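Inspection log for the structure reproduced underneath, given as structure tokens.
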Ligand SMILES: Nc1ncnc2c1ncn2[C@@H]1O[C@H](COP(=O)(O)OP(=O)(O)O)[C@@H](O)[C@H]1O
Ligand SMILES: [Mg+2]
């Protein structure tokens with residue numbers, strides 16, 4: 665087994681898929697994360713974030729597809745202490761004090777951080793001599809975070825790390841995260857909070873119904889999310905022709921009704937009317953961030969997701 669990370673390799677998920685009975689939790693996800701990137705896996709509940717993360721860490725066996733962490737399979741990466749994780753399930757060991765459990769975790773890693781530094785950074789020093797059974801929800805999250813970082817891993821994987829924490833606690837958490845990840849760590853965190861992904865990730869991977877429906881820098885996703893939509897009654901026109909119009913990002917058809925999601929509706933509308941003057945019932949709606957997030961993750965697969973599916 666290799667004991668040094670292949671720094672250039674990053675994290676590679678290839679055509680990762682997992683079903684639970686009839687539920688296709690993750691559908692052929694392809695994702696490459698470069699070393700040093702902070703990536704948000706954003707999506708509503710049930711999108712497949714946890715399943716993706718569990719497969720990535722080797723905790724759930726994929727139906728198909730492969731995972732490579734710094735050039736190694738998950739089990740080897742785990743054994744070598746290359747990643748630290750904060751998962752949604754499982755609680756800190758019972759009947760230990762906070763300091764004891766973090767000290768124990770540190771002992772599993774080849775080059776751990778000083779326990780006292782980790783306790784201070786995460787704010788867990790305030791209750792370091794408490795038993796883990798006596799902690800509040802927010803305190804448990806801090807202990808989990810401390811356990812994830814104490815090994816000083818190259819990769820941090822955090823599944824909804826701020827779930828159940830109040831606003832103030834969230835701010836403290838992200839501040840600690842920043843301090844921790846300043847020096848070239850690779851981070852993947854799952855969240856269903858748009859603002860959290862926007863504020864704390866270099867890149868947002870938007871997951872819906874087990875598929876990646878958008879992937880890019882936060883600014884790009886925001887622009888996409890903030891886009892306007894044109895709707896019209898337009899029989900007999902190919903969606904591909906509509907999708908190719910200037911200013912149109914994606915096009916979808918439902919019977920005679922077409923929906924164009926636009927990067928630039930001001931360019932798209934005249935182009936639409938120029939090319940298809942028989943378009944009727946034209947409607948332009950301005951999307952808010954929230955609206956577009958809902959649209960991108962809606963139950964109806966978007967034209968883009970359909971296109972992506974068709975190419976697989
Ligand atoms: N162990 C399981 N057994 C059955 N269904 C599951 C299991 N884990 C997840 N699912 C289903 O898979 C889908 C994706 O779930 P999950 O990965 O937990 O999503 P997220 O973390 O984005 O909320 C959901 O429909 C969920 O109900
Ligand atoms: Mg989850």
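Residue numbers (our numbering): 665 to 976. Yeah, the Cβ is synthetic: ideal placement off N, Cα and C, and Gly gets one too. From a predicted model like this one, the values you see are computed outputs, not experimental measurements.
Contact between residue 748 and residue 699 does not hold, since their C-beta atoms are separated by about 15 Å, which reaches or exceeds 8 Å. With a minimum length of 4 residues, the unbroken runs of alpha helix (DSSP H) contained wholly in the region 680-756 fall at 713-720 and 738-743. 8 Å or more divides the Cβ of residue 739 from the Cβ of residue 874.
A distance of 8 Å or more separates the beta carbons of residue 861 and residue 695. In this structure, the straight-line span from the alpha carbon of residue 920 to that of residue 903 is close to 11 Å.
Separation of the CB atoms of residue 716 and residue 693 is rounded to 6 Å, and the pair is thereby assigned contact status at 8 Å.
Per DSSP, the unbroken alpha helix (DSSP H) holding residue 864 starts and ends at 858-864. For residue 784, there is no enclosing beta strand (DSSP E); the enclosing alpha helix (DSSP H) covers residues 779-786.
In the same chain as residue 802, and ignoring 5 residues on each side of it, the C-beta atoms closer than 8 Å to its own belong to 828, 829, 830 and 833, in chain order.
Separation of residue 949 and residue 800 (C-alpha to C-alpha, rounded to the nearest whole angstrom) is 44 Å. A Cβ-Cβ distance of about 6 Å is found for the pair residue 814 and residue 777, placing them in contact under the 8 Å criterion. Counting along the chain, the unbroken beta strand (DSSP E) around residue 894 starts and ends at 892-897. Proximity to residue 905 across 806, 922, 962 and 857 peaks at 922, based on C-alpha coordinates.
Annotation for residue 713 indicates a beta carbon within 7 Å of some heavy atom of ligand 2.
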